[in-house]
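Participant: In this note's numbering, the protein residues as written are 11 to 528.
If you want it as structure tokens, here you go:
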């Protein structure tokens, strides 16, 4: 499992801009520098497997083999700027948790581009999941978001009023409910028709309302520009994240684990039998209230890997892979269901466990640990960790988005347990057959992908794996994979000027977007 990567540096940077500097340097390194390793020929795995001969913990602490690929979401073909006159205004309400909302924002920008609409700053649902009213302004850097996407769509913070003949008129958006995973044609026909009739439309809810698989690489690259460049958390969130990362790095490498052993996911999966009767009643009640009625048999679910890994199983996987009890682990998780009795075996294997509250006891995190700000800090710490391990990456938006972001951020190592492959190994252990257990675990894990480029195969999401659309190669015989010229941003800027669009607001040095930021 040879890796072309470098050991990460752990030096502390002072000031609130330290994390931004780290990200800028990393992206600049990835997107501009011409490195000799980029010229190496590479054929990606089509089955998602890196197929190394053995697991080396030392190598896992490094980035995965890039194979000559680097992230690039800048346009590679003609990409006209948004015109001064659009077809109307697009409002959306993004429901769900932080990362479900994040995907919805990406889809909203793409929908606005498709319909030639002016996007109104997306609304983040405060009630359906977190009961958190932080909103877009409370989480993201709004000015950066608007400036970053100036070559793609027009964005306003609210629908402006119309002043005519001394009177003021408000445009009322016509509300529509988009079908789930709607095709582009729904936006160019149904939604656009209503937009032209009313001047504005309001799409609600807007979670998973635009098909992920679109046969247009430029549209997919726009999603990446939104997700990995335009959506930047506010400075105080970045500063909190930087503080935690610096404290964790002070003692060397650290791993982040998304321990998805929580009531909602356990209820969704239908995995009840390991809990007490009282706990099973709670899970079944939650399932009845929140999910479709369906008969689920625990043994069958467990045998096909549909149950979240228990904390102990996570520890046993890591121990079998060669990690010892000195490994420092950051836990990104909500309230673990079942209490400390499930954590005790894990803690016995890996006692150096941390979360954002234990590393940084600031008042802001203490009061928002289970809200969007706490989730945002967890996201950034997991993004920057040396290794990230999701324990249930099926329907988990948090894990899936992070896997995609870490891939884009330099093929950073991920450990993705194959729950279906591991299920018979764990079942055999529970039945007393412990001989060869660790070797069996390693055999399964050797077949998984540790963060390198690989073909996206359903049900893997585009937000989990944006290869190859959002990646390029400096040296390649395939023109579709060739990196764009370094003056692509200047060309886009020139197009804005040629379209007689006011660019004075973009001429300030602090809002110039370089190729490295795209």
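Glycine included, each C-beta is placed from N, C-alpha and C at the ideal position.
1) Are residue 398 and residue 416 close, meaning C-beta to C-beta below 7 Å?
2) For residue 115, I'd like the list of residues in its chain whose CB is within less than 7 Å of its CB, leaving aside the five on either flank, ordered along the chain.
3) Count the other C-beta atoms from every protein chain shown that fall within 10 angstroms of the C-beta of residue 37, then say buried if there are 16 or more, exposed otherwise.
4) So, at 6 Å on beta carbons, what are the nonlocal neighbours of residue 297 in its own chain, with the 5 sequence-adjacent residues on each side left out?
5) I'd like the list of long-range same chain contacts for residue 163, defined as Cβ closer than 7 Å, with 5 residues on each side in sequence excluded.
6) Using the three-state DSSP reduction, which class does residue 241 fall into: helix, strand or coil?
7) Since residue 258 and residue 321 should fall inside the 8 Å C-beta cutoff, what is the C-beta to C-beta distance between them, to a whole number of angstroms?
8) Report yes if the CB atom of residue 407 is closer than 7 Å to the CB atom of residue 461, and no otherwise.
9) Tell me which residues share the same chain as residue 87 and place their Cβ nearer than 8 Å to its Cβ, disregarding the 5 neighbours each side in the sequence.
10) Taking the CB atoms as reference points, tell me whether residue 2 and residue 200 lie closer together than 7 Å.
11) Once DSSP output is grouped into helix, strand and coil, what is the label at residue 487?
12) What's the gap between the Cα of residue 382 and the Cα of residue 353?
13) With DSSP run on the structure shown, which of helix, strand or coil describes residue 281?
14) Label residue 90 either buried or exposed according to how many other C-beta atoms from any shown protein chain fall within 10 Å of its C-beta, with 16 as the threshold for buried.
15) Is the CB-CB distance between residue 254 and residue 391 below 7 Å?
16) Going by DSSP, what residue range makes up the beta strand (DSSP E) through residue 358?
17) Hey, could you find the ends of the beta strand (DSSP E) residue 181 is sitting in?
18) Report, in whole angstroms, the separation of the C-beta atoms of residue 205 and residue 125, which I expect to be a contact under 8 Å.
19) Let me know the alpha helix (DSSP H) ranges lying completely inside the segment 394-450, each 4 residues or longer, listed in chain order.
20) Specify, as a first and last residue, the run of the beta strand (DSSP E) that residue 104 falls within.
21) Is it a yes or a no for the segment 93-102 touching the segment 207-226, going by three-plus beta-carbon pairs under 8 Å?
Facilitator: Considering the structure as presented:
1) For the purposes of this step, residue 398 is taken as residue 388 along the chain shown, with counting starting at 1. For the purposes of this step, residue 416 is taken as residue 406 along the chain shown, with counting starting at 1. Yes, these two residues count as a Cβ contact at 7 Å.
2) Counting from 1 along the chain shown, the entry for residue 115 is found at position 105. For residue 115, where only same-chain residues beyond five positions count, the Cβ hits under 7 Å are 104, 132, 236 and 241.
3) Residue mapping note: residue 37 aligns to position 27 of the chain shown, counting from 1. Its pLDDT being 42, under 50, residue 37 is placed unreliably in this model, and the coordinates cannot settle the point.
4) What you label residue 297 is simply residue 287 of the chain shown in a count that begins at 1. Same-chain partners within the cutoff: 277.
5) The count along the chain shown starts at 1 and reaches residue 163 at position 153. Cβ contact annotation for residue 163 (same chain, cutoff 7 Å, sequence separation greater than five): 92, 119, 122, 123 and 129, in chain order.
6) Your numbering for residue 241 matches position 231 in the chain shown. Note: residue 241 maps to coil in three-state DSSP.
7) Residue 258 sits at position 248 when you count from the first residue of the chain shown. Residue 321 sits at position 311 when you count from the first residue of the chain shown. About 20 Å separates the CB atoms of residue 258 and residue 321; that is not less than 8 Å, and the two are not in contact.
8) Counting from one through the chain shown, the residue named residue 407 turns up at place 397. Counting from one through the chain shown, the residue named residue 461 turns up at place 451. Not closer than 7 Å, so no.
9) The residue given as residue 87 occupies position 77 in the chain shown. If we look at residue 87 and ignore the five residues flanking it on each side, its Cβ neighbours are 228.
10) The structure shown does not extend to residue 2, since the chain spans only 11 to 528, so no value can be given for it.
11) As a working mapping, residue 487 is identified with position 477 in the chain shown. Here residue 487 sits in coil by DSSP.
12) Position 372 of the chain shown holds residue 382. Position 343 of the chain shown holds residue 353. So the two alpha carbons sit approximately 25 Å from each other.
13) Mapped onto the chain shown, residue 281 falls at position 271. In the structure shown, the three-state DSSP call for residue 281 is coil.
14) Looking up residue 90 in the chain shown gives position 80. Exposed, since its Cβ has fewer than 16 Cβ neighbours within 10 Å.
15) One-based indexing of the chain shown puts residue 254 at position 244. One-based indexing of the chain shown puts residue 391 at position 381. Cβ distance < 7 Å, so residue 254 and residue 391 count as in contact.
16) Taking the chain shown and counting its residues from 1, one reaches residue 358 at position 348. No beta strand (DSSP E) contains residue 358, which is instead part of the alpha helix (DSSP H) from 350-359.
17) On the chain shown, residue 181 is found 171 positions in, with the first residue counted as 1. Premise fails: residue 181 is in no beta strand (DSSP E) and is neither H nor E.
18) Numbered from its first residue, the chain shown carries residue 205 at position 195. Numbered from its first residue, the chain shown carries residue 125 at position 115. Contact flag correct, Cβ pair sits at about 6 Å.
19) You should have 407-418 and 429-440.
20) As a position in the chain shown, residue 104 is number 94, starting the count at 1. It spans 99-104 - the beta strand (DSSP E) in which residue 104 sits, taken as one unbroken run.
21) In short, these stretches touch, since the Cβ pair count reaches three.
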